[in-house]
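Presented below is the structure to which this report refers.
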Amino acid sequence: MRSQSEPAAAEPGAIARPPLVRELLLVAGLFLVYKFGRQLATGHTAEASHNAHRIWDLERTLHLPSEVDVQSALLHGDTLVHLANTYYATVHFPATLAFLVWLYLKRPAHYVWARRVLALVTAAALVLPFTFPLAPPRMLAASGLVDTARIYGPSVYGPPNSDHLSNQFAAMPSLHFGWALMVAIGLIVATRSRLRWLWLLHPAITLLVIVGTANHYWLDAVVATAMLGAALALIHPPHRTTTTAGRGTRHLVAEEPALAGAGR
54 MRSQSEPAAA EPGAIARPPL VRELLLVAGL FLVYKFGRQL ATGHTAEASH
104 NAHRIWDLER TLHLPSEVDV QSALLHGDTL VHLANTYYAT VHFPATLAFL
154 VWLYLKRPAH YVWARRVLAL VTAAALVLPF TFPLAPPRML AASGLVDTAR
204 IYGPSVYGPP NSDHLSNQFA AMPSLHFGWA LMVAIGLIVA TRSRLRWLWL
254 LHPAITLLVI VGTANHYWLD AVVATAMLGA ALALIHPPHR TTTTAGRGTR
304 HLVAEEPALA GAGR
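Just so you know, the sequence shown maps onto residues 54 to 317 in our numbering.
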């Protein structure tokens, strides 16, 4: 009989935390690809404007809610629209980074899964600006929308013809929304709290913000959701562990091996 002071054997399905330096490089690479990759698809102003009209007309054909109604609600007060612009400008990257850091420290297997999903979605999203450049609704005069960030601040974009840090004609898909939705899904899957579904407020608020500030169309979020769904279908999350009680002992039993090759 094993002594109570004898250390328990390692779980066969346990996942070792990936090397920190390698993960820092991988995550930094993910953010750099997102930030600078779209610049390669610049120089399609006329086509991006034409596609903007097509998307706007398609949304009306599909009877989607008007982006104008969301923006009108924000414009009821300067404080509300300023908060929306601030959320757009400051929450996106820090929230995603904090999500990855927490998973790395607390849920290593879920971290590897989430990092792979985000990398796949980001890589796929970089293809669309080459094949379907799209001007955001704030640049579409026919929409009747205004550039709330430029008028009320803060703004993360400069004039399109002189902005060398981003490609403003890469509105589709909205990685603002895609990443926010993955953050919520990842935390719901990785935690057990009954309140974990409240994490869905993050993508919900993000959706209203990106539409209300006229940075994205509804369909930009729809395409991002479809891409995320495809990535989640290809990359499965690790299975939860369940607690079983024996006579005088309690131990964790993995439902299945957590994630093959998690350290890769």
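The beta-carbon is built from N, C-alpha and C at its ideal position, and this holds for glycine as well. For clarity, every value in this text was computed on a predicted model and none was experimentally measured.
- Boundaries of the alpha helix (DSSP H) harbouring Phe230: Leu228 to Ala243, taken from the DSSP string.
- Counting along the chain, Phe183 sits inside the alpha helix (DSSP H) bounded by residues Leu181 to Thr184.
- Our two residues, Tyr164 and Leu158, have alpha carbons roughly 9 Å apart in a direct line.
- Of all alpha-carbon atoms in Ile288, Ala172 and Phe152, the one lying nearest the alpha-carbon of Val236 is that of Phe152.
- Here Ala177 is not near Pro291, since their CB atoms are 7 Å or more apart.
- Assigned with DSSP and collapsed to three states, Leu187 falls in strand.
- Within the DSSP bridge table, the entry for Ala274 names no partner.
- Distances from the alpha-carbon of Gly231 to those of Ala274, Ala267 and His289 put Ala274 closest.
- For the options Phe222, Arg75 and Ala202, the alpha carbon positioned closest to that of Pro186 is the one of Phe222.
- A check of alpha carbon separations from Trp166 across Leu254, Ala142 and Pro71 identifies Pro71 as the nearest.
- Ranked by how close their Cα comes to the Cα of Leu128, the residues Arg113, Gly265 and Asp110 have Gly265 in first place.
- Under the 10 Å beta carbon count, Leu115 is surrounded by fewer than 16 other beta carbons and is classified as exposed.
- Taking 7 Å as the cut-off, the beta carbon of Ala188 is found no closer than this to the beta carbon of Ser119.
- With the rule of 3 Cβ pairs closer than 8 Å, the region 248-255 does not count as touching the region 278-292.
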